[in-house]
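Colleague: These protein sequences, in sequence, are chains L and H.
Just so it is clear: in the first sequence, position 311 is 310 by numbering that gives the first Met the number 0, and no numbers are missing.
Just so it is clear: in the second sequence, position 94 is 93 by numbering that gives the first Met the number 0, and no numbers are missing.
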Amino acid sequence: MAITATKGQTGLTGNSAVAYAMKQINPDVCAAYPITPSTQVVEDFSSYVADGAVTTELVTVESEHSAMSACIGAAAAGARVMTATSSQGLALMWEMLYIASGMRLPIVLCNVNRALSAPINIHCDHSDSMGARDSGWVQLYAETVQEAYDNMFMAVRIAEHQKVLLPIMTCLDGFITSHAIENISLLEDQEVRQFIGEYRPATSLLDTDHPVTMGAMTLPEVYMEFKHQQSEAMKRAKDAALEVMADFGKRFGREYGLFETYRLEDAETAIVILNSAAGTTKVAIDELRKQGKKVGLLRPRLFRPFPWREMADALKGKKAVAVLDRADSMNAFGGPVFNEVRSALYDLDNRPKMINRIYGLGGRDYKVKDAISVFDELAKIAETGKIETLVKYITL
Amino acid sequence: MENYLEVRWHGRAQQGVVTAAKVLGEACLRSGKFVQAFPEFGPERMGAPVRAYNRISDEPIRLHCQVTDPSLVLIADPTLISTVNVTEGVPDDAIFIINTNKSPEEMRKELKVEGRKGIKVFTLDAAAISLETLGRNIPNTPLLGALAKATGFITLEALVDNFKENYSKKFSPKVVEGNVEAMNRGYNEVKG
Numbered sequence: 000m001a002i003t004a005t006k007g008q009t010g011l012t013g014n015s016a017v018a019y020a021m022k023q024i025n026p027d028v029c030a031a032y033p034i035t036p037s038t039q040v041v042e043d044f045s046s047y048v049a050d051g052a053v054t055t056e057l058v059t060v061e062s063e064h065s066a067m068s069a070c071i072g073a074a075a076a077g078a079r080v081m082t083a084t085s086s087q088g089l090a091l092m093w094e095m096l097y098i099a100s101g102m103r104l105p106i107v108l109c110n111v112n113r114a115l116s117a118p119i120n121i122h123c124d125h126s127d128s129m130g131a132r133d134s135g136w137v138q139l140y141a142e143t144v145q146e147a148y149d150n151m152f153m154a155v156r157i158a159e160h161q162k163v164l165l166p167i168m169t170c171l172d173g174f175i176t177s178h179a180i181e182n183i184s185l186l187e188d189q190e191v192r193q194f195i196g197e198y199r200p201a202t203s204l205l206d207t208d209h210p211v212t213m214g215a216m217t218l219p220e221v222y223m224e225f226k227h228q229q230s231e232a233m234k235r236a237k238d239a240a241l242e243v244m245a246d247f248g249k250r251f252g253r254e255y256g257l258f259e260t261y262r263l264e265d266a267e268t269a270i271v272i273l274n275s276a277a278g279t280t281k282v283a284i285d286e287l288r289k290q291g292k293k294v295g296l297l298r299p300r301l302f303r304p305f306p307w308r309e310m311a312d313a314l315k316g317k318k319a320v321a322v323l324d325r326a327d328s329m330n331a332f333g334g335p336v337f338n339e340v341r342s343a344l345y346d347l348d349n350r351p352k353m354i355n356r357i358y359g360l361g362g363r364d365y366k367v368k369d370a371i372s373v374f375d376e377l378a379k380i381a382e383t384g385k386i387e388t389l390v391k392y393i394t395l
Numbered sequence: 000m001e002n003y004l005e006v007r008w009h010g011r012a013q014q015g016v017v018t019a020a021k022v023l024g025e026a027c028l029r030s031g032k033f034v035q036a037f038p039e040f041g042p043e044r045m046g047a048p049v050r051a052y053n054r055i056s057d058e059p060i061r062l063h064c065q066v067t068d069p070s071l072v073l074i075a076d077p078t079l080i081s082t083v084n085v086t087e088g089v090p091d092d093a094i095f096i097i098n099t100n101k102s103p104e105e106m107r108k109e110l111k112v113e114g115r116k117g118i119k120v121f122t123l124d125a126a127a128i129s130l131e132t133l134g135r136n137i138p139n140t141p142l143l144g145a146l147a148k149a150t151g152f153i154t155l156e157a158l159v160d161n162f163k164e165n166y167s168k169k170f171s172p173k174v175v176e177g178n179v180e181a182m183n184r185g186y187n188e189v190k191g
């Protein structure tokens, strides 16, 4: 894709920005099987490989299951490994996702969020990555093309952090972010190289002087110790993420946290929402603030590990909070983000009243007026203290 | 609400409206604006109605919903007017730019906006221009030239410079020149 520069800014789609980040990272191995809407990531990156712009070994495989299998093999051999997928592709990787995290391989996967079949749908929702939330992968989410690009570099550092060593999934909204050209500032190759550093794997199957066994059979006397270590590593990923984000902000001037808050401090009611829809919600917030309504937003960025303590701290004292999920857990008790945020707030002395609204499935549009009507509902709940419907589909 | 220019492109698959939105976005970005350019994807087949959109602003753009009330609508294929609701959501001061050999007055009737005096309608025979400059019916670049003339929010020079800079690698010099000529003619031949 052509890159148009003005005032240090260029115009790229989310997919091309991610592919450009991968070019700058220059991983040792990329194994991928393209799928809509992340196709362009692999397409652009394979051009970089063909043009000799990277030294990556690109493994074209026959399925996503094989893509993740090849990533695991290469990562176990000590390579820095990346891939990209969406929806059914991530679903087909399922079995291997757990193997990647169980073997503590710091693979970076860009997931361009798309709905799951059936019925078949190529558009955005978060069912794919939310389904993988228990697979032991760190998860980072992005609102804009710029953030999707920046997350790629932070992802490498978090995954490879010596106290973490876990695979990481960076998520951006299919079509809405992946196919939209937006303004973006790109880093210099040199800046990227200095930020991510050289990859020194903790172990390598190819290092025959220090032989290791990976992914072997374990019986009840040790399996649980492995899982405990994995769980502890996931806990440490939060501090690692904070450290990496702080370094990124210091070097490049773009500040990121575990989550983003917008006009939240003095807000009485708030919406918690992921990715691109947060931008639309911010516009609604500015409108309502003009009318004197104290409303705010919390946008999770790091969803795994879930920064529950910090989130509870940010939302304490609010009268009413709506969590908007772009995926349903099909548990008849709310979407995945809702259940976690609500659980995080349980220990607060003054818990906000909370509701869950499922929106935007399969690419259904979420407009400023949708956010405003949620805030209207929150205002009523704040006033009366009564919740009529805990969980409800909106944008129907 | 925030101050945006919202643009909707109507065309048929293969007429280049997705590329047109992209080129417009890039050219505006070059002029120091914040932009979005995005297509609406459906079943992909040649000739199917396609829409693409732009948002252009002096401020960073946070909206990520669809464009529903565009003040600027470009129509690459006039036969869409009878099959797609091209006037959907447009405000009373909207601008239409249509690829047709008919006059703005005739198109005003076809659009059924005779009563809405604030709406401006511009026409140009982008198909003929495209056939003469490129040898193919790709009406998007003449429409871009017409847009510069009709709205003035982007200059013809910015469109041409951006195109030359960004597409010289992708296309042969002949195709680049043909497109630049198509933009110039679109600028000079638009009526309304």
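All residues carry an ideal CB built from backbone N, CA and C; glycine is no exception.
Quick caveat, the model's predicted, so the values are computed rather than measured.
1) Mind checking if L:ASP364 is an interface residue toward chain H, Cβ cutoff 9 Å exclusive?
2) Taking only three categories from DSSP, how would you classify H:ARG107?
3) Per DSSP, L:TYR140 forms a beta bridge with which residues?
4) Leaving out five residues on either side along the sequence, give the residues of the same chain with a beta carbon under 6 Å from the beta carbon of H:ARG115.
5) Find the residues of chain L that neighbour H:PHE33, judging by a C-beta separation of less than 9 Å, and give them in chain order.
6) Looking at the C-beta of H:LEU28, does it have a partner C-beta in chain L at a distance below 9 Å?
7) Counting Cβ pairs, one atom from each stretch, are 3 or more of them under 8 Å apart for the segment 328-338 of chain L and the segment 234-250 of chain L?
8) On the premise that H:GLY185 lies in contact with H:PRO103, defined as a C-beta separation below 8 Å, what is that separation, rounded to the nearest angstrom?
9) Might you give, ordered along the chain, the residues of its own chain that have their beta carbon closer than 6 Å to the beta carbon of L:CYS170, omitting 5 neighbours on each side?
10) Quick one: Cα of H:ILE74 to Cα of H:ASN98, how far?
11) Residue range of the alpha helix (DSSP H) that H:ASN165 falls in?
12) If contacts are defined as beta-carbon pairs under 8 Å, then L:LEU273 and L:LEU257 qualify, I think. What distance do you get, rounded to the angstrom?
13) Could you check which residue in H:PHE152, H:LYS148, H:VAL34 and H:PHE170 has the C-alpha nearest to that of H:MET182?
14) For the candidate residues L:VAL367, L:MET153 and L:TYR261, whose alpha-carbon lies nearest to that of L:PRO299?
15) Cβ of L:ASN355 within 9 Å of Cβ of L:LEU389?
16) Just mark L:HIS398 as buried or exposed, buried being the case when its beta carbon has 16 or more other beta carbons within 10 Å.
17) How many angstroms separate the CA atom of L:ILE393 from the CA atom of L:ILE284?
18) For L:HIS209, count the other beta carbons within 10 Å of its own beta carbon; 16 or more makes it buried, fewer makes it exposed. Which is it?
19) To the nearest angstrom, how far is it from the Cα of H:ASN178 to the Cα of L:GLU63?
20) Quick test of your reading: L:VAL163 and L:ALA73, contact by CB under 8 Å. State the CB separation rounded to the nearest angstrom.
21) Helix, strand or coil: how does DSSP classify L:CYS123 here?
22) For L:PHE194, count neighbouring Cβ atoms within 10 angstroms of its own Cβ and tell me buried if that reaches 16, exposed if not.
23) Using a C-beta cutoff of 9 Å, does L:HIS122 count as contacting chain H?
24) Given that L:SER275 touches chain H, what residues does it touch there, using C-beta distances under 8 Å?
25) For L:VAL282, which residues from the same chain have a beta carbon less than 7 Å from its beta carbon, with the 5 sequence-adjacent residues on both sides left out?
26) One question on the structure: do L:ALA30 and L:ALA66 come within less than 9 Å of each other, judged by their Cβ atoms?
27) Look at the alpha carbon of L:LEU263 and the alpha carbon of L:ALA277, and state the distance between them as a whole number of angstroms.
28) With a cut-off of 9 Å, does the C-beta of H:ILE137 fall near any C-beta of chain L?
29) For L:THR202 and L:ALA215, I'd like the C-alpha separation in whole angstroms.
30) Which chain L residues sit within Cβ distance under 8 Å of H:PHE170?
31) Given that a residue counts as buried once 16 or more other Cβ atoms are within 10 Å of its Cβ, and exposed if not, what is H:MET45?
32) Indicate whether the contact test is met: 3 or more Cβ pairs, each with one atom in the segment 144-151 of chain L and one in the segment 87-95 of chain L, closer than 8 Å.
33) Using the DSSP secondary-structure output, state which residues sit across from H:ARG52 in a beta bridge.
34) With H, G and I counted as helix, E and B as strand and the rest as coil, what does DSSP make of L:ALA4?
35) What is the residue span of the beta strand (DSSP E) that L:ILE354 lies within?
36) How many angstroms separate the CA atom of L:LEU11 from the CA atom of L:GLY333?
Modeller: In terms of the structure at hand:
1) It does; some Cβ of chain H falls within 9 Å.
2) Residue state, collapsed to three classes: helix.
3) According to DSSP, which records beta bridges pairwise, L:TYR140 is partnered with L:CYS170.
4) ASP91
5) GLN8, GLU181 and ASN182
6) yes
7) Contact between the segment 328-338 of chain L and the segment 234-250 of chain L is absent, because fewer than three Cβ pairs lie under 8 Å.
8) Under the criterion of beta carbons closer than 8 Å, H:PRO103 and H:GLY185 do not qualify as touching, at roughly 15 Å.
9) ASN110, ASN112, SER128 and TYR140
10) 6 Å
11) 155-166
12) Rounded, the Cβ-Cβ distance is 13 Å, inconsistent with contact.
13) H:LYS148
14) L:TYR261
15) yes
16) With chain L represented from 0 up to 395, any question about residue 398 of chain L goes unanswered, as that position is not in the structure.
17) 18 Å
18) exposed
19) 40 Å
20) No, L:VAL163 and L:ALA73 are not in contact; Cβ-Cβ is about 19 Å, not under 8 Å.
21) coil
22) buried
23) Any Cβ of chain H closer than 9 Å to the Cβ of L:HIS122 would place that residue at the interface, and such an atom is present.
24) HIS63
25) VAL367
26) yes
27) 13 Å
28) no
29) Straight through space, the alpha carbons of L:ALA215 and L:THR202 are spaced by roughly 15 Å.
30) Ordered by position in chain L, no residue passes the 8 Å Cβ test against H:PHE170, which lies about 11 Å from the chain.
31) exposed
32) no
33) Here residue 52 of chain H is Tyr; the residue named in the question, Arg, does not match the sequence. Its beta-bridge partners are H:ARG7 and H:PHE37.
34) Residue placement at L:ALA4 is flagged as unreliable, the pLDDT there being 49, under the threshold of 50; the coordinate-derived value follows with that caveat. L:ALA4 falls in the coil class under three-state DSSP.
35) 352-357
36) 35 Å
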